[in-house]
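Residue numbers (UniProt numbering): 1 to 263.
Don't be surprised by glycine CBs; every beta carbon is placed ideally from N, CA and C.
Structure first, then comments.
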């Protein structure tokens, strides 16, 4: 299967292993293009962001794609690189990364940003019902009717801080797409991605305490499950890598962790 991969080579000699960015639900590789790809490439990292099947410019259909399908997509791209990459996954992409590692595919590290926890989104749904029912309703509209039916104001509050320009939110919504019906069901109660035997890969977990989708307990769960390093950013929303204020603190945490664990 031909998968879209955005590649930004390093400036100068490579500073460490390649970075493979994995997007979350409803979007594609473009979500990493504004900030993270140029930032880390400028620091010497070989950066790759894939679009999972049926997303962006990738082949395949999205409607009945499974978690196992997405894991296979990441494993395919990772195997094409010259050495095992650091997997950097956001939201659903974080859970995909966890299953890639749990299935034994080579990786030299894993960074999980506002990631779906190993237990899935069951608790997250309850969190949204209690604290952001309008966000949950808008997600239902996005999945059933498409992004043109979604309120930009609600999605701004769902994904970004007040610092982010509303025009950027509108731009992003023009790029959103429906997600796999199968994966939205699977994510509620997925099979747990148990760490493989042997020495675990280094793991970074970053989340925000203003995340409308995931409570802080989800980030604690993920870090504990993988024995990873945890950082919870005060005031940070779900869209860590795309928010105009919080992308840089997130990137700085990731850079520091990369330099301490993989370079």
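Under 8 Å, Cβ to Cβ, is there at least one residue of chain D near residue 28?
Protein chain content of the structure displayed is limited to a single chain, and chain D is not contained in it.
Would you mind reading off the limits of the alpha helix (DSSP H) that contains residue 251?
Counting along the chain, the alpha helix (DSSP H) containing residue 251 begins and ends at 247–261.
Anyone know if the C-beta pair for residue 211 and residue 65 falls short of 8 Å?
Result no, Cβ atoms of residue 211 and residue 65 do not sit closer than 8 Å.
Can you tell which of 18, 2, 240 has its C-alpha closest to the C-alpha of residue 8?
Selected option, being the one with the closest Cα: 18.
I need the straight-line Cα distance from residue 11 to residue 88, nearest angstrom please.
Approximately 20 Å, taken between the alpha carbons.
Quick test of the definition: if touching needs 3 or more C-beta pairs under 8 Å, does the segment 172–182 touch the segment 14–30?
Yes, since at least three Cβ pairs between the segment 172–182 and the segment 14–30 fall closer than 8 Å, the two stretches touch.
Our contact map puts residue 54 next to residue 263 with C-beta atoms below 8 Å; I'd like the distance itself, whole angstroms only.
That pair is no contact at about 34 Å.
Do three or more CB pairs link the segment 115–131 to the segment 94–105 at distances below 8 Å?
The segment 115–131 vs the segment 94–105: in contact.
What span of residues does the beta strand (DSSP E) with residue 110 cover, start to end?
Its beta strand (DSSP E) spans residues 109–113.
Given a cut-off of 8 Å, decide if residue 111 and residue 255 are closer than it, judged by their beta-carbon atoms.
For residue 255 and residue 111, no; Cβs fall outside 8 Å.
Could you tell me which residues DSSP puts in a beta bridge with residue 213?
Bridge partners of residue 213: none, in fact.
Tell me the DSSP secondary structure of residue 12 in three-state form.
Here residue 12 sits in coil by DSSP.
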